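Asks: Shown below is the structure under consideration.
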Amino acid sequence: MDYLPLPRVRQHELPVALLFGCSSYDHGSFEDFPRRSGWDITKLLRGELDGKEPSTAAAFLQHWLYFGIIQTVFSVAEIPFHLSSFVVVQPDFTTTNYFTRLLKRDHQRVCTVLQDLDRRGVLSPPDQLPNGGTPLRLFVTGKALVSGLKDLESKAGSASEEQRQHAFGRINSEVDVALHILRLFAEATSTARDAEDRDFQQLLRAVLPGEIELSIVLLAETIKHKLVDIYGSRLSLRPLGSQWLLEKMQDLGWCQAFLAYLLHRYGMRFIYYGYLQGSIPNRGLDHSKCQGSRCVANNIDKATYVTQHARSELVFRPRWWEPHSAVLRRVNRAWYGKRSSVCDCGHVSPDIQKVQSILHSGGIPLISLRTPRFLDGKSRLLNVQLEVVEWEPSIPFTAISHVWSDGLGNPTSNSLPLCQLLELRNILLSSRADIPNVKSLIFSGLKNILVAFTTSPQNLYFWMDTLCVPLDPGTRKLAILKLTGCFRNAALVLALDSFMMRCSSSMPENDILYQLNLSTWTRRMWTFQEAVVAQRIHLQLSDGYERLIHLPVHFHRWSASSDVVITMDVRKNLLLFPLTVAGLQLELMSAQPRLLAVALALSGRTTSWRTDEAISVATLLGVGLDEVLAVDDDGEQRWLALLPALKNLLSPSVIFMRGPKMTSPGFRWAPSTFLDLDRETEVAFLTRRETQDELPLQISNRGVVVTFPGLLFGTIPKPLTSTFCFESRATAKRFWATTGLRPDGRAYWDIANIPTGTAYGLVMQRVPDENSKNTRAVLLADCSVEDEVIYGSYICVLHTERLLQKVDRPPYVTEQTVWGIITAIPDFREKCWFPDVEIEFPRQTWCIS
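Now the structure itself:
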């Protein structure tokens, strides 16, 4: 997997061995290769090896699903494929001085043997590859794939459209088959319940070793995204993870829900990078309440929240702070000395009445730390005082953006422990200093002197919600109204995150960028609102800071000269947050693009208080904030208060968006959150227009009024099932409908309890035709017609698709087709076949409650 971006410093390695004992791929039909090689995939999935060894089956799967796909890529690119180009030699043990000569000698010998074996079509076990008495081990390398994909891209640039489509279809279909085979193995190995099942699971794991499974998943994901970059075709990429690696990472302390989130958001290559790097976010937290792809370990409960004292492992220790004078060493011992695990220092609070007075007068309160004083002859701090002042344009200040789960919040008082304030002062001094970076090579101690004597503590002003947002509801609302102005006017926004503060400033910038995407700070709702309006953001590290805007610059510089495969989705995912907060000028956007940008930015984020989401959305959009704040602390009522301000921004297509919905009568069609929306598939429905003449969305007292094609089933005597079929009486076209799959790949059905004897309707996004065979639809119940408008109650979003004739393909492939899914349902014609549609409308007005 060395064709992928990898961390420079790795705590783990996952070498993939080259397996022997099978026929090499013969360049024939990809789907039919098992039959030509004497294998039956259906029997293999049942653990029936027909007397062959599991290692032989593993070698067959590697040469079919891994090297077979690579050979297809090389064939389309019209370049020769040599197996020896994808093999490296690694003896069990060699000395450093001898390794280079031994590697060159044995690599030439192995290349000769492999080429001879490849010509004969059978790869023999490695004991036939001598190494002067030392056992020889062969491993897979993907470096040659980098040049192969470059040649494929060059070939596509000069090809005709027909040739491009043929090349795309050939490679994509083979990758789909490989992914389908892996899914079948994953399903077979995930059903172990007793000892017998576990033995069967171990057998299948021997047939498909974890390293081989992972290598195929990473290769398929890389090629899928590279096809998008080369041919510009849009793919529906259903993420597939390596269950073997995910289980290894869970054993190391990774949250299962967080891994599901990373898989769905970034893909398996991102997870693989994290495993190699070795850093584990949210380690040691309680993940018992995490479900699906939502990690809530960082959510807090105000009733049990305890403000934390400074922790020794997170104490800020600048790499350059090595003082030489006795005075500075004394300060160093006091501020950076080893802290005990239990601290009993008291809390310090600002003048909260002055904070309230400033807010009521329309100003922004700031905090300044007075200089600490020392007792004579002792390295002990005597006291710290917090001074409250009102911000003026001439006062530069730092706004602190932090995650409450790290312990810097306080739900009961506007105060912080003394040790935290001292630690905060040290961090502010370092970030405030007008010296470019702590990575500079200034002589040790000189920078300390510059910071200590050129920065006046009395002029060190900062804003922090724990100290500057009063707890009483009235003043808190005033502080929220000032939040955007506070972070926009700050000379610097300092991001504090315990995970990032375990990173050293000496780490490569790419690793810091990756850590940033794993951090809690980039996944919280309020921190985005604070960062998006900032002029300059510093990420606090263990021994310095990193400017957020510098990370994309370093990444682009590195990727331009790298010899790995970097697809556009990798660039987008890694750079999404820093580029968004650096370039998202919301105030310059028109209304609908602004709504879309906000929804995209908030999707996937978390917050401890869901009732605050409507406040955040209203603040970012600049509409409806007063109306939202006027509502009591109720999440849905706040959304209902915001909805009139969004009425002219939302597209009628919003009814087809999957995700959590409101429960209030007349508004079950409306989204109840942006946080849980899939940014890739769902967010676009907020502003999407199906046609140029599409009528705007209208909200009446009976529901939302939209105009779309659709049909009426009439009264159906039998209950609907999770997958059902119907036939148009007028056109004799057959369709099927299902609620689809959750992000974790399992099917769900949320209308199983719908009573029979009701009139159903189906509002369709568009009518499926020969060019567009599938579409989304909204299922309605209790349908009635009044004045040419069909009224109905919203049930759920469905996926509908034209049923086409069955295509003859191998049995293990046919099972993934629509027909295979439907016919697998017992007695499907009796349970889920509705032969006639009562009425069909090419264009109809609907009122959905």
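Residue numbers for the sequence shown follow the working numbering, so the first one is 2 and each next one is one higher.
By construction, the Cβ of each residue, glycine as well, lies at the ideal position given by its N, Cα and C atoms.
Note that the structure is predicted; figures quoted are calculated from it, not measured.
Determine, using beta-carbon pairs with one atom in the region 468-478 and one in the region 493-510, whether at least three such pairs fall under 8 Å.
Replies: Touching, no, given that fewer than three Cβ pairs across the two stretches are closer than 8 Å.
Asks: Less than 8 Å between the beta carbons of G711 and W559, yes or no?
Replies: Translated into positions along the sequence shown, residue 711 becomes position 710. Translated into positions along the sequence shown, residue 559 becomes position 558. No, the Cβ-Cβ distance between G711 and W559 is not below 8 Å.
Asks: Going by Cα to Cα distance, which pick from S416, T708, W255 is closest to V349?
Replies: Within the sequence shown, the letter at position 348 stands for residue 349. For V349, the nearest C-alpha among the options comes from S416.
Asks: Kindly indicate which residue of E728, A261, S155 has the alpha-carbon position closest to the one of F75.
Replies: Numbered from 1 along the sequence shown, position 74 holds the residue referred to as residue 75. With distances taken between Cα atoms, F75 lies closest to S155.
Asks: Would you call the CB atoms of E32 and V178 closer than 8 Å?
Replies: Locating residue 32 in the sequence shown gives position 31, counting from the first residue. Locating residue 178 in the sequence shown gives position 177, counting from the first residue. Yes, the pair counts as a contact, with Cβ atoms nearer than the cut-off.
Asks: Tell me L667's beta-bridge partners as DSSP assigns them.
Replies: Indexing the sequence shown from 1 puts residue 667 at position 666. A small correction: the amino acid at residue 667 is Gly; Leu does not occupy that position in the sequence shown. Paired residues: none, contrary to the question.
Asks: Can you tell me which of Q72, L763, L180 puts its alpha carbon nearest to the alpha carbon of P81?
Replies: On the sequence shown, residue 81 is found 80 positions in, with the first residue counted as 1. Of the candidates Q72, L763, L180, the one whose C-alpha sits nearest the C-alpha of P81 is Q72.
Asks: For the 8 Å Cβ check, are there 3 or more pairs between the region 590-601 and the region 620-628?
Replies: With a cut-off of 8 Å, the region 620-628 and the region 590-601 count as touching, because enough Cβ pairs lie within range.
Asks: What are the boundary residues of the beta strand (DSSP E) that H361 is part of?
Replies: Here residue 361 refers to the residue found at position 360 when the sequence shown is read from its first residue. No beta strand (DSSP E) contains H361, which is instead part of the alpha helix (DSSP H) from 353-361.
Asks: Just the C-alpha distance for W405 and R525, rounded to the nearest angstrom, thanks.
Replies: Mapped onto the sequence shown, residue 405 falls at position 404. Mapped onto the sequence shown, residue 525 falls at position 524. If you take the alpha carbons of W405 and R525, they lie about 10 Å apart.
Asks: Apart from the five residues just before and just after Q578, which ones in its own chain have a Cβ nearer than 6 Å to its Cβ?
Replies: As a position in the sequence shown, residue 578 is number 577, starting the count at 1. A quick correction: the sequence has Phe, not Gln, at residue 578. Cβ within range, chain order: T523.
Asks: Could you give the distance in angstroms between the alpha-carbon of A453 and the alpha-carbon of V17?
Replies: Your numbering for residue 453 matches position 452 in the sequence shown. Your numbering for residue 17 matches position 16 in the sequence shown. Bear in mind that a pLDDT of 47 at A453, under 50, signals an unreliable position, so the number given afterwards is only what the model happens to contain. Rounded to whole angstroms, A453 to V17 spans 53 Å at the Cα level.
Asks: Which class does C346 belong to by DSSP, given the choice of helix, strand or coil?
Replies: Here the question's residue 346 lines up with position 345 in the sequence shown. Note: C346 maps to coil in three-state DSSP.
Asks: According to DSSP, is T485 helix, strand or coil?
Replies: On the sequence shown, position 484 is the one that residue 485 refers to. T485: helix per DSSP, three-state reduction.
Asks: Is there contact between the region 360-372 and the region 247-266, where contact requires at least three CB pairs shorter than 8 Å?
Replies: Taking 8 Å as the limit for Cβ pairs, the verdict is that the region 247-266 does not touch the region 360-372.
Asks: Which word fits F190, buried or exposed, when buried means at least 16 other C-beta atoms lie within 10 angstroms of its C-beta?
Replies: Here the question's residue 190 lines up with position 189 in the sequence shown. Residue identity check: residue 190 is Thr in the sequence provided, not Phe. When all chains shown are included, T190 counts as buried.
Asks: Rounded to the nearest angstrom, how far is the Cβ of K648 from that of I616, given a contact under 8 Å?
Replies: In the sequence shown, counting from the first residue as 1, residue 648 sits at position 647. In the sequence shown, counting from the first residue as 1, residue 616 sits at position 615. About 19 Å; that fails the 8 Å criterion.
Asks: Please classify V554 as buried or exposed, where buried requires at least 16 neighbouring CB atoms within 10 angstroms.
Replies: Locating residue 554 in the sequence shown gives position 553, where the first residue counts as 1. Exposed.
Asks: Could you tell me how far apart the beta carbons of G242 and M269 are, in whole angstroms, since I believe they sit closer than 8 Å?
Replies: For this step, residue 242 is matched to residue 241 along the sequence shown. For this step, residue 269 is matched to residue 268 along the sequence shown. Indeed they touch by this definition, with Cβ atoms about 6 Å apart.
Asks: Report yes or no: do three or more beta-carbon pairs, one from the region 600-610 and one from the region 638-658, lie closer than 8 Å?
Replies: With a cut-off of 8 Å, the region 638-658 and the region 600-610 do not count as touching, because too few Cβ pairs lie within range.
Asks: For R9 and S520, I'd like the C-alpha separation in whole angstroms.
Replies: In the sequence shown, residue 9 corresponds to position 8, counting from 1. In the sequence shown, residue 520 corresponds to position 519, counting from 1. Rounded to the nearest angstrom, the two C-alpha atoms are 19 Å apart.
Asks: In three-state terms, what does DSSP make of D177?
Replies: For the purposes of this step, residue 177 is identified with residue 176 of the sequence shown, where counting begins at 1. Looking at D177 - three-state DSSP - the assignment turns out to be helix.
Asks: Which residues bound the beta strand (DSSP E) around V565?
Replies: Position 564 of the sequence shown, counted from the first residue, corresponds to residue 565. Neither: V565 is in no beta strand (DSSP E) and is coded neither H nor E.
Asks: Once DSSP output is grouped into helix, strand and coil, what is the label at W527?
Replies: Locating residue 527 in the sequence shown gives position 526, counting from the first residue. Residue state, collapsed to three classes: helix.
Asks: Between Q536 and A496, is the Cβ-Cβ spacing less than 8 Å?
Replies: Position 535 of the sequence shown, counting from 1, holds the residue named residue 536. Position 495 of the sequence shown, counting from 1, holds the residue named residue 496. Contact: no.
Asks: Relative to the C-alpha of L150, which candidate in R606, A168, C256 has its C-alpha closest?
Replies: Within the sequence shown, residue 150 is the residue found at index 149, counting from 1. Of the listed residues, the one whose Cα sits closest to L150 is A168.
Asks: Which same chain residues, not among the five before or five after R689, have their C-beta less than 7 Å away from its C-beta?
Replies: Counting from one through the sequence shown, the residue named residue 689 turns up at place 688. So the qualifying residues of the chain are S652, S654.
Asks: Rounded to a whole number of angstroms, what is the C-alpha to C-alpha distance between W675 and F500?
Replies: The residue you call residue 675 lines up with position 674 of the sequence shown. The residue you call residue 500 lines up with position 499 of the sequence shown. Correcting the residue identity first, residue 675 is Phe in this sequence and not Trp. Whole-angstrom Cα-Cα distance: 26 Å.
Asks: Would you call the region 10-29 in contact with the region 222-233, where contact means no fewer than 3 C-beta pairs closer than 8 Å?
Replies: Touching, no, given that fewer than three Cβ pairs across the two stretches are closer than 8 Å.
Asks: Measuring only the C-alpha atoms, how far is R171 from I182?
Replies: Reading the sequence shown from its first residue, position 170 is the one you call residue 171. Reading the sequence shown from its first residue, position 181 is the one you call residue 182. Their backbone Cα atoms lie some 17 Å apart in a straight line.
Asks: The alpha helix (DSSP H) spanning D544 covers which residue range?
Replies: Here residue 544 corresponds to residue number 543 of the sequence shown, with the count starting at 1. Where D544 is concerned, there is no enclosing alpha helix (DSSP H), given that its DSSP letter is neither H nor E.
Asks: Which one or two residues does DSSP pair with V655 in a beta bridge?
Replies: Residue mapping note: residue 655 aligns to position 654 of the sequence shown, counting from 1. In the DSSP output, where bridge partners are listed per residue, V655 has none listed.
Asks: Could you tell me how far apart the beta carbons of L139 and V90 are, in whole angstroms, since I believe they sit closer than 8 Å?
Replies: Residue numbering aside, residue 139 sits at position 138 when the sequence shown is read from its first letter. Residue numbering aside, residue 90 sits at position 89 when the sequence shown is read from its first letter. That belief holds up - the Cβ atoms of L139 and V90 are roughly 6 Å apart, short of 8 Å.
Asks: Going by DSSP in three states, N775 sits in which element: helix, strand or coil?
Replies: Counted from its first residue, the sequence shown places residue 775 at position 774. Strand at N775.
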